[in-house]
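Comments concern the structure below.
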Amino acid sequence: MSGVKLSVSKSGGPAETHNHLQWKCALVSSNRTWQVIDRGTRLIPVWDIILSAHTQDFTDPFRLSSSLLEAYRRITGQDADLMSGERELSAQREAEELIQTVKNWTVSNSEQVLTELLQFKSKLRETTGSHRIWFQTCLSNKVLQDVLLEVVKKHKHEEAINLQTMMRSLMEPHLYTVKNVPNRAKIMEWAYQAEEEIFKVVSVSEFSELTEILRRTKELADSTLALSDSVTVREAKIKATCTIAFSLNSLRQTLTQNNEGEAELLVLSVITSVGYSLKNNSFSHPLGWKDIDFLENELQKAYDKDCLLKGQHPTRAQAHLVLTALTASKNKQSVTSKDKERRLQLIKSQLKGKMIPEVSSAITCANVYQDWKRLELQLTHLTNSEEREDFMNLLQKLGLKCLCLKQQKKDILVIDSASQSVNNPREESQLCFHYLYKLMMLDYSVRFFVLKVPDTDCKENSATTVQCSSGPEKSSFGFFSIGEEDVEKEKKHKTHIHPMDVHMAVFHYSDDFLRQYLYTKLSTCQFALPLLVPSPWTGALEFPLWALRQIKKSWCCREPSERGSSVKHNCRDMFNAPVPTVSFIRLGSSSVSKSQILNSVVSPKRHSVFFHRHCRGSSPHCLLMDGVVEIAWYCPGGRKDDVFDSCVALLNLHGDASKHPEQLQFLQEVSVVNVVLITETPLGEEVKKTAEALFNSPVPLICLFAGLSKVPQGNNPTKVRLAAKNRNEADLTDEIVLHVKHCISTVNKSSSLQTYLQAARQQQFRVDEDSEACREGKEKAELLMSLLREDELINLKEKLLPLQGKLWHKWCLKDKEQYRLNSRVNTSIEQQVSNIRAEKRALRREQLKRAFPLHDFMRSFLECLASADPQDIKLFMLHWLGMYLDELTADTLSELQKKFHSTWKTLRQKEKSKDKEQEMKLQKDLSTISEEITAATLGLQHLMRETTQLHEAVQSEGEGLEEYRQFVSVFPAVGAEMLMSGHPLELMDGDAAHVPLLWIEAVLDKLKEKIGDRKVFVLSVLGVQSSGKSTLLNTMFGLQFTVSAGRCTRGVFMQLVRVSEDVRAQLQYDFVLVVDTEGLRSPELSNKTTLSHDNELATFIIGIGDMTVINIMGENPSEMQDILQICVQAFLRMKSVQIKPSCVFVHQNVAESSANSKNMEGRRRLQEKLDEMSRIAAKEEGCEVTGFSDIIQFDVDSQVFYFKNLLEGDPPMAPPNPSYSQNVQE
């Protein structure tokens, strides 16, 4: 065996690569080269394979396997096991010996023959764990088949029920898998005689009769056990098995005839766990005495509980039935996932058309997530929970029928009747959709909206009270006297739905991508976000990490410097941003609001970051917030009145902490200090234990005593006591902030969302990112990123995206030249066009030469896009890849931006000193740094742009690339899917100002194939840089175009918004295509480039839009002049080519927008300016107009709007102004 060597071979995948990660990435992204047989996660040793399946191929298989095992141990130094193979070999030998013995058998005693065979079959099963050897070696042998046929012939014309049952047990379930059984039909016909013959022996129609038969059979079994004769015991077992099987079949037939599917399922759920076969209506082996005892006890227990629960509520009874059917097993053994899937199919068939919606929803969830534990917890909760009724009633009121059919982002990005109306909903079933719509528009006032449903009892009582009090005999004493009966009556009155119940119902009703979207909107509204959420079904805690991943915060910190202090700006992804964490907790119930105290800390300007009992719409009846932990971040603005000097995370546990030990333990793990509100009532035992644990914890503690107006102070600065009763709110807040600051400065501990994730996993909370689709998307993104790690970031873009370099910019310039020919040169127009086309083709070929073969990363990325993976996996992959690319470039970009800022400050100082030589050098350095920033910027938009260019290049000049031509032909369908899923798609390249017509046409053709020939209204926007164009569109339609200071949007992007069927007839179109543009007058471009670029952009945007929103910041005429001139020129060009768009003007950031007289004056000045610009533009174009209305139809009264400021207060803690959202809606 010295020649034995350990090696790894490669099967499948790309033949050209030997890098493991690259090979694995390609193997995952494309299945075209797969040659690997998936054996799961368990590695099968070759010696086991030899012993289990190839013994006939070797002279001495056992010796060979032992030698291989010894060689493996010597080479690897690892131990291994030969036992499974040895058992297989031993069982095989015994089976062969049995066949030799059977040759000499006679069938004079048929029962003895069949009994011995059954015992041997059971022995093989115990030895090997399967029936493989029994049907491959024994049943396949002609000798044994002849013996079985002899038994059939001998008893063909007599009643032999016991023998027939034994024969079925020998054959099941393998006779049909065995080949070459000439007399199969004769054996089967005899073994499976008509069922009516069985019922002649035993007839059972009631459950009580079955129970009695089981009891008598068990008594007989007990008396038989006293006998020492093993043959008699075996015969008794077989007879008992036959009796029980016949009794069960009789009862099942009765239940089927009576259409009692649930009762039959209850019986089947127990009997299948001990080997009952539905296919053959018999047991697969003789029942032992323990089996019979199990059947008697479990059937009776299940039946009694079913009867009890049916008397209480049908939902509870059916949930218990399904739970029993899924989990019933002998000796409390765990049921495998495969068995549960098989049982679930049986449940569905038995309860077809009778399944209660709540149970159906739980089963649907299991199908979606393949999470059996979750299903069992939900069924247990349905069976036992009394609060479930309240929760189901809430869902019914809100019109949410099935929580497992989650709402998707594309379902809410729609123009419907809600967006057409400024009226509030009138029915509770509209509350969730009203909440979603208002939140999309950043109208934070929706969280305080209350819909009060009239209470008829309350009206009657009120009327009665008025009548009684009006009588002359009634004294004033009755008015001031309120008895307990009055209070109880008042408690029974119907109350409105709590706003936070609507908030949490929307959370539970949303899928992962919609939750992420909603969290972004909630964060913008400066609201706290759910961090730990108990399941309303099971109470199990969930950590919604995926929803939190997109949260970014900006803040400014004051830092000491040589000149006194400087302000440092931070913009961080909160997943990786470690900050101090302060937790607020309540012990017991209190009249003092902990959340209100917390609000006064985090928002001194009274914005309710955390909802509390004194907020509008609050009531004592909040169902879904108990046990929820919320998070908010305080972000300082670099001002002297900041509450904290740096960013601080604030956690708030709703409810009594003593009732939520898991949440409390989590808070202890992550917090730098705990602020605890102690109830004014006497402390119960559980509260005392929790308080003692908090005191003994190493985490600093600040206790607020709700029932005391004064408390003595201790000497320990980490154990602080504060009185909260009758305190001035500002004084109490200042004290809390002072002590929290001290704890933060003394305890060096910071936590990020990543830290929270570790704590959540330690406590085995459910994490949304553990879903199968999210994990698969993440794995694909990680494999792609592994292909980028080796390249230097500055040079990466040039290698990765060769179609977007200098050649591409040259091609774009030539493309523009083709449509702007110079008539003053000597060459003819036709010759110019021919020359330019030739140059364009040459540039394309050079591009393709550099692009192919594709970079490993780009090829794998495109294969992932073109794969047949489900849409959600692709979306997860794209989101993960975007986050990883941001992470890859974040540090480099941060350093370059610091370097740019430092150079720019130096340049400003040199401008004052008039050192021209040094100034020019610094200008050159700034340009170099700017180019480096562009080179280091890499995101999904660049990958999609390369995809676009690859499609255009291959389709137009891809001679010799036929295999790639077919490959890229699937990309437009991906673009169409992205548009339909609510994702923006680039319409114009932001770097080269080029519209890829072939690509856009192909995408729109695919879109037309998917949605049909629909009417689309194109709405575009135009305005100066940083005037709030993207913010306006995001607020108007709930979109997520990029917003920030500076040139955040580069190029032009489009996004499709569906129009709901209920308003299509009114609007007369099916979709709105929203087009967002980069700003005009960008300081990043030179003056000459800016003028040309802006004119081209304005002409393009106005030309493609049915309506263009012209966005203006403020209403200063001098600031408006530039943009108005550009827009009027564009409209004039549209008129010359018979295109008639329309426009509206929006003035943002206008104070006192409700002052009608001021608005009238602003409209008059705008009309004058438009008329003046129109005359100037017409003169340049050589035509004559008297005013703007001569160019397009325009009404200054109906097509001009004035909006208030976007934010209430100073950033970064300022929420959006609800008036802004309401202006947008109007």
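Throughout the sequence shown, residue numbering follows full-length UniProt numbering, covering 1 to 1226 in sequence. We treat Cβ as the ideally placed atom computed from N, Cα and C, and that holds for glycine.
Look at residue i and residue j and say whether their C-beta atoms are less than 9 Å apart.
i	j	result
leucine 1080	methionine 1054	no
leucine 888	leucine 793	yes
alanine 773	phenylalanine 876	yes
lysine 1076	valine 1021	One detail in the question is off: residue 1076 reads as aspartate in this sequence, not lysine. Contact: yes.
tryptophan 555	glycine 684	no
leucine 938	leucine 796	yes
cysteine 571	lysine 553	yes
valine 204	threonine 165	no
alanine 362	leucine 394	no
threonine 681	proline 700	no
threonine 1099	valine 1144	no
valine 676	leucine 651	no
isoleucine 187	valine 152	yes
arginine 766	alanine 540	yes
aspartate 573	aspartate 886	yes
Could you tell me which residues DSSP pairs with residue i in its beta bridges?
i	result
glycine 587	The residue asked about is misnamed: residue 587 is leucine in this sequence, not glycine. The partner list for leucine 587 (beta bridge, DSSP) reads Ile678.
isoleucine 415	Val1059
proline 534	Leu541
glycine 1023	Asn1111
residue 1240	With the chain covering 1 to 1226 only, the question about residue 1240 has no answer from this structure.
alanine 649	Thr581 and Trp633
alanine 723	Phe705
phenylalanine 283	Tyr276
Taking CB distances under 9 Å as the criterion, tell me whether residue i reaches chain D.
i	result
asparagine 715	This model lacks chain D altogether; it includes just one protein chain.
Grouping DSSP H, G and I as helix and E and B as strand, with all else coil, what is residue i?
i	result
glutamate 986	strand
leucine 529	strand
tryptophan 555	strand
glutamine 966	helix
histidine 739	helix
aspartate 573	strand
tyrosine 756	helix
isoleucine 198	Reliability fails at isoleucine 198, whose pLDDT of 42 lies under 50, so the model's placement of it is uncertain and the value that follows must be treated cautiously. Correct three-state label for isoleucine 198: helix.
glycine 261	helix
proline 1211	coil
glutamate 54	Going by the sequence as given, residue 54 is histidine instead of glutamate. The answer is coil: DSSP assigns histidine 54 none of H, G, I, E or B.
valine 204	coil
serine 277	strand
lysine 806	helix
alanine 91	helix
serine 1086	Note on serine 1086: pLDDT 45, under 50, position unreliable in the model; no value is reported.
proline 45	coil
Taking only heavy atoms of the ligand ZN into account, decide whether any of them is closer than 8 Å to the Cβ of residue i.
i	result
leucine 114	Among the components modelled here there is no ligand, and therefore nothing to report on the ligand ZN.
Open item on the list: Does the structure place the region 878 to 894 close enough to the region 946 to 955 that three or more beta carbon pairs sit under 8 Å?
Closed with: no
Subject >> Runs of alpha helix (DSSP H) wholly within the region 138 to 168 (minimum 4 residues, chain order) >> reply: 142 to 154
Does the pairing of the region 594 to 609 with the region 531 to 544 give three or more beta-carbon distances under 8 Å? Judged by Cβ distances under 8 Å, the region 594 to 609 makes no contact with the region 531 to 544, as fewer than three pairs qualify.
Complete alpha helix (DSSP H) runs within the region 322 to 384 (minimum length 4 residues, chain order): 337 to 350, 357 to 369 and 372 to 384
At least three beta-carbon pairs within less than 8 Å, the region 497 to 507 to the region 623 to 642:
yes
Can you find at least 3 beta carbon pairs, one from the region 288 to 300 and one from the region 269 to 280, that sit closer than 8 Å? yes
Open item on the list: Pairs of beta-carbons, one from the region 404 to 420 and one from the region 574 to 589, closer than 8 Å: are there three or more?
Closed with: no
Taking three-plus beta-carbon pairs below 8 Å as touching, is the region 1168 to 1186 in contact with the region 1125 to 1141? yes
* Could you tell me which uninterrupted alpha helix (DSSP H) segments, each at least 4 residues in length, are contained entirely in the region 835 to 881, listed from first to last along the chain? => 856 to 866
- Query: Using 8 Å as the Cβ pair cut-off and three pairs as the minimum, do the region 964 to 982 and the region 828 to 837 touch?
  - Reply: no
### Message
If contact is defined by three or more beta carbon pairs under 8 Å, each pair taking one atom from either stretch, is the region 845 to 856 in contact with the region 729 to 749?
### Response
no
Note to self: Does the structure place the region 724 to 736 close enough to the region 506 to 520 that three or more beta carbon pairs sit under 8 Å?
What the structure shows: no
**Study point:** the region 897 to 907 touching the region 919 to 927, judged by at least three CB pairs closer than 8 Å
**Key:** yes
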